[in-house]
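In this note's numbering, the protein residues as written are 79 to 672.
The beta-carbon is built from N, C-alpha and C at its ideal position, and this holds for glycine as well.
See below for the structure under consideration.
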Amino acid sequence: MKIQVQAWDQVVDYDPASGKSLYACLVEAGLPVPGDCGGKGTCGKCRFKLLEGELSAEAYQALAGQYPLACRARPQSDLRLAFLNMERDHRILVTGDRPALAGPKRWRQVSFKLDRDLLQAGTDLETRLVQELDVPSFPAQVWQGLEIQRDQTYRAIICDDQVLALEPQLADGRIYGLAVDIGTTTLAASLIDLETGEDVSQASALNPQIQQGADVLSRISYVMTEGGRGLKQLQQAIRRAIQSLIDELCQDADCLESAVYGLSLAGNTVMTHLALGIDPRPLGQSPYLPVFRSGQQLSAKAFGLRKIPSSAQVMTLPAVSAYIGSDVVAGAYAAGFSELGKRRLLIDIGTNGEMLVQDGDRYVSCSCAAGPALEGMMISSGMKAAAGAVEECLWQDGQFDLQVIGGEDPQGLCGSGVLALIREGLRAGLISYRGRIIDPESLAPEDCRRPYLKVDDQGKRSLQVAPQVSLTQHDIRQVQLAKGAIRSGVEVLLKASQLEAEQIDQVLVAGQFGRHLAEASLIKTGLLPEGFAGRLSYIGNSSHSGAYLYLMDQEAARGLEALARRINYIELSRLEDYDRVFARASLFPKLTRK
Numbered sequence: 079m080k081i082q083v084q085a086w087d088q089v090v091d092y093d094p095a096s097g098k099s100l101y102a103c104l105v106e107a108g109l110p111v112p113g114d115c116g117g118k119g120t121c122g123k124c125r126f127k128l129l130e131g132e133l134s135a136e137a138y139q140a141l142a143g144q145y146p147l148a149c150r151a152r153p154q155s156d157l158r159l160a161f162l163n164m165e166r167d168h169r170i171l172v173t174g175d176r177p178a179l180a181g182p183k184r185w186r187q188v189s190f191k192l193d194r195d196l197l198q199a200g201t202d203l204e205t206r207l208v209q210e211l212d213v214p215s216f217p218a219q220v221w222q223g224l225e226i227q228r229d230q231t232y233r234a235i236i237c238d239d240q241v242l243a244l245e246p247q248l249a250d251g252r253i254y255g256l257a258v259d260i261g262t263t264t265l266a267a268s269l270i271d272l273e274t275g276e277d278v279s280q281a282s283a284l285n286p287q288i289q290q291g292a293d294v295l296s297r298i299s300y301v302m303t304e305g306g307r308g309l310k311q312l313q314q315a316i317r318r319a320i321q322s323l324i325d326e327l328c329q330d331a332d333c334l335e336s337a338v339y340g341l342s343l344a345g346n347t348v349m350t351h352l353a354l355g356i357d358p359r360p361l362g363q364s365p366y367l368p369v370f371r372s373g374q375q376l377s378a379k380a381f382g383l384r385k386i387p388s389s390a391q392v393m394t395l396p397a398v399s400a401y402i403g404s405d406v407v408a409g410a411y412a413a414g415f416s417e418l419g420k421r422r423l424l425i426d427i428g429t430n431g432e433m434l435v436q437d438g439d440r441y442v443s444c445s446c447a448a449g450p451a452l453e454g455m456m457i458s459s460g461m462k463a464a465a466g467a468v469e470e471c472l473w474q475d476g477q478f479d480l481q482v483i484g485g486e487d488p489q490g491l492c493g494s495g496v497l498a499l500i501r502e503g504l505r506a507g508l509i510s511y512r513g514r515i516i517d518p519e520s521l522a523p524e525d526c527r528r529p530y531l532k533v534d535d536q537g538k539r540s541l542q543v544a545p546q547v548s549l550t551q552h553d554i555r556q557v558q559l560a561k562g563a564i565r566s567g568v569e570v571l572l573k574a575s576q577l578e579a580e581q582i583d584q585v586l587v588a589g590q591f592g593r594h595l596a597e598a599s600l601i602k603t604g605l606l607p608e609g610f611a612g613r614l615s616y617i618g619n620s621s622h623s624g625a626y627l628y629l630m631d632q633e634a635a636r637g638l639e640a641l642a643r644r645i646n647y648i649e650l651s652r653l654e655d656y657d658r659v660f661a662r663a664s665l666f667p668k669l670t671r672k
């Protein structure tokens, strides 16, 4: 059978004997099927409009309404279809604040000519080149496949005094590397001139692993269920995505992939394990041990990249624990946490809420499973930050004023819009501090708030702010779970550091999602303590910034390793009173109606 999806040029074969769902078939073909739950039938985002063909009856269920779900559909004939949740112009933050390069650069290239002086008798080329290039050795493999000609000019590519490659000198002698942030939801990369440190081009993409689950626990669970096949599938997905970023960056910069000699990868510990093809299951089972914490380095050939030189180096940054990954260490180093004597907090608000408190020379960290709700996922009207997404709102003059990306009609809520709507719903008295949407019958018929309150046939309440945009009671509960996770983590770290919120000099908000959040949303929903008001700074994609420093700077590479070893980690689930702390943290502030 043939499956054709409108807006995609690819036709996918379907084998009815396989028993696979339409979702599984398209995902295995590498297509970006919309969905947050990994095909479990719980998010409803893989709804589609059937244009031609027949489906099995189970494709239709209450969650999908009048439309079938791809994760429940099994084709009965050739199909032509269109997904209803395809998003356009998804905005991904690539770079963040970072200091200037300070130490010696890790990379250099040296040109030399095989002239009579270099080819003097009585010695060998390796001995002469070790002296000429000031390197400890000149490995034989760099000569393999190379035509050695007298009076030819060559160049040696060197990283940390290790000769990686030897090749004829090119007219354009630039060499490049990639700094890559592997996020659970998104990937961000930039192409770097390895000698000057210049950002040449930038690119980003959604993490294709999201089709197997929106968070790291879902992906660990996927490997537990699917075994080696699942691990290979996740590994190949991320490697294909990195290769696509290399292609896009090089095309944009008008350079050859063969000039790319280094990649640095920062990400949470699960992402780096999966990228390297290492079984992540120990990360999801007590005592939650990573296979490695130190930075890893391997050749592009061993990593599985084919278009760049086989000797190019792929480096992963150091991590702290199973759930404080190299993205946090990278961000902390880029933000100056290696400098002593300060009190500050770094927090990455996203699917995996990671945070770190510095008090002088003491560092304490934790992570929490915030889930994807704060990024607009697993929300009934949720969508990513794309055209048509509500990103901000304001309750004024008895109505909601919506700010929509692209100035289009509102189609859904991205993460910042979800939090802003809750903030304004609290302020308007439409949502209680316990997270309950108020009963419309409790309001007078003429109350301006009443038209926004809806109750379905089952008595479930929602807050509707546009024809296609609403916030349900279940949505608010999802946000409360995320809020409780993040706020409780902050409270635990403050207590462990014997500090009050007001004693923190600086709160650094990092990450893709945090950049788009207003301080008012963070404070007025209680996601962060009131004592942090006026002390927030947004530092962008600090994980990418740290990856850049690790790629380029010898001192930064050593400093990142040293910082990772100094950070202590608290496992929240093992704390005796954590359930009580979490329950209190999940409540919203009691706001006065305005």
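Have a look at the options and flag the residue whose alpha-carbon is nearest the alpha-carbon of residue i.
| i | options | result |
| --- | --- | --- |
| GLN546 | LEU159, GLY466, TYR511 | GLY466 |
| THR262 | ALA180, VAL338, LEU327, ASP293 | ASP293 |
| ARG673 | GLY431, PHE666, LEU133 | This structure leaves residue 673 out entirely; the chain is present only between 79 and 672. |
| PHE370 | LYS561, ALA353, ALA397 | ALA397 |
| TYR366 | ARG652, LEU309, ALA267 | ARG652 |
| ILE500 | GLY589, ASP487, ALA598, PRO529 | ALA598 |
| ARG565 | GLN581, LEU600, VAL482, LYS183 | LEU600 |
| ASP239 | GLN227, LEU248, GLN230, LEU207 | LEU207 |
| PHE126 | LYS118, VAL111, THR120, ALA135 | VAL111 |
| GLY275 | GLY592, GLY485, ALA180 | ALA180 |
| LEU665 | GLY513, ALA574, VAL278, ALA337 | GLY513 |
| ARG593 | SER540, LEU452, GLY604, GLU524 | LEU452 |
| SER215 | LEU242, ASP195, LEU508 | LEU242 |
Whole-angstrom Cβ separation of residue i and residue j, contact assumed at under 8 angstroms?
| i | j | result |
| --- | --- | --- |
| VAL407 | LEU424 | At roughly 10 angstroms, the Cβ-Cβ gap does not stay under 8 angstroms, so VAL407 and LEU424 are not in contact. |
| ARG158 | GLN222 | Not a contact, Cβ separation roughly 51 angstroms. |
| LEU147 | GLY131 | At roughly 15 angstroms, the Cβ-Cβ gap does not stay under 8 angstroms, so LEU147 and GLY131 are not in contact. |
| GLY113 | CYS124 | 4 angstroms |
| LEU504 | ALA544 | 19 angstroms between Cβ atoms; not a contact. |
| ALA563 | GLY362 | With 8 angstroms as the limit, ALA563 and GLY362 do not qualify as a contact, their Cβ atoms being about 17 angstroms apart. |
| LYS561 | ALA663 | 7 angstroms |
| ALA427 | VAL587 | Residue identity check: residue 427 is Ile in the sequence provided, not Ala. That belief holds up - the Cβ atoms of ILE427 and VAL587 are roughly 7 angstroms apart, short of 8 angstroms. |
| ILE386 | GLU335 | 5 angstroms |
| ARG228 | GLU245 | Actually they are not in contact, since the Cβ atoms of ARG228 and GLU245 sit about 17 angstroms apart, beyond 8 angstroms. |
| VAL712 | ILE236 | A question about residue 712 goes unanswered here, because the residues of the chain that appear run from 79 up to 672. |
| PHE190 | GLU210 | 6 angstroms |
Given that a residue counts as buried once 16 or more other Cβ atoms are within 10 Å of its Cβ, and exposed if not, what is residue i?
| i | result |
| --- | --- |
| ALA522 | exposed |
| TRP185 | buried |
| GLY624 | buried |
| TYR441 | buried |
| ASP332 | exposed |
| SER389 | buried |
| GLN558 | buried |
| TRP473 | buried |
| GLN219 | exposed |
| CYS446 | buried |
| ARG166 | Summary for ARG166: the model assigns pLDDT 48, below 50, so the residue's position carries little reliability; its value from the coordinates is reported in the next sentence. Exposed, because fewer than 16 other Cβ atoms sit within 10 Å of the Cβ of ARG166. |
| PRO96 | With the sequence shown as reference, residue 96 is identified as Ser, and Pro is not the correct amino acid for it. The residue is exposed, with fewer than 16 neighbouring Cβ atoms inside 10 Å. |
| CYS328 | buried |
| LEU129 | exposed |
| VAL468 | buried |
| TYR511 | exposed |
| LYS70 | The requested residue 70 does not occur in the structure, where the chain is confined to residues 79 to 672. |
| LEU376 | exposed |
| GLN391 | buried |
| ALA142 | Summary for ALA142: the model assigns pLDDT 46, below 50, so the residue's position carries little reliability, and this model does not support an answer. |
**Message:** Below 8 angstroms, how does it come out for the stretch 488-498 and the stretch 461-479: are there three or more Cβ pairs, yes or no?
**Reply:** yes
**Message:** With a threshold of 8 angstroms, are at least 3 pairs of Cβ atoms found where one atom belongs to the stretch 645-659 and the other to the stretch 546-559?
**Reply:** no
**Request:** Please list the segments of the beta strand (DSSP E) lying wholly inside the stretch 389-431, counting only runs of 3 or more residues, in order along the chain.
**Result:** 391-394, 421-426
**Cβ pair count under 8 angstroms reaching 3, the stretch 625-633 against the stretch 341-351** = yes
**Prompt:** Do the stretch 309-329 and the stretch 278-295 make contact, defined as three or more Cβ pairs closer than 8 angstroms?
**Reply:** yes
**Message:** Just to confirm the assignment: which complete beta strand (DSSP E) runs, minimum length 3, are found wholly within the stretch 293-351?
**Reply:** 338-345
**Prompt:** Which runs of the alpha helix (DSSP H), 4 residues or longer, sit entirely within the stretch 552-612?
**Reply:** 589-592, 597-602
**Asked** With contact counted as at least three CB pairs below 8 angstroms, one residue from each stretch, are the stretch 420-438 and the stretch 582-596 in contact?
**Response** yes
**Asked** Three or more beta-carbon pairs under 8 angstroms between the stretch 269-280 and the stretch 235-255, yes or no?
**Response** yes
**Asked** What runs of the alpha helix (DSSP H), each 4 residues or longer, lie entirely inside the stretch 229-305?
**Response** 294-304
**Item:** Segment contact, 8 angstroms Cβ cut-off, at least three pairs: the stretch 290-304 with the stretch 447-456
**Value:** yes
**Item:** Within the stretch 466-544, ranges of the beta strand (DSSP E) (whole runs, at least 3 residues)
**Value:** 467-474, 477-482, 531-533, 539-544
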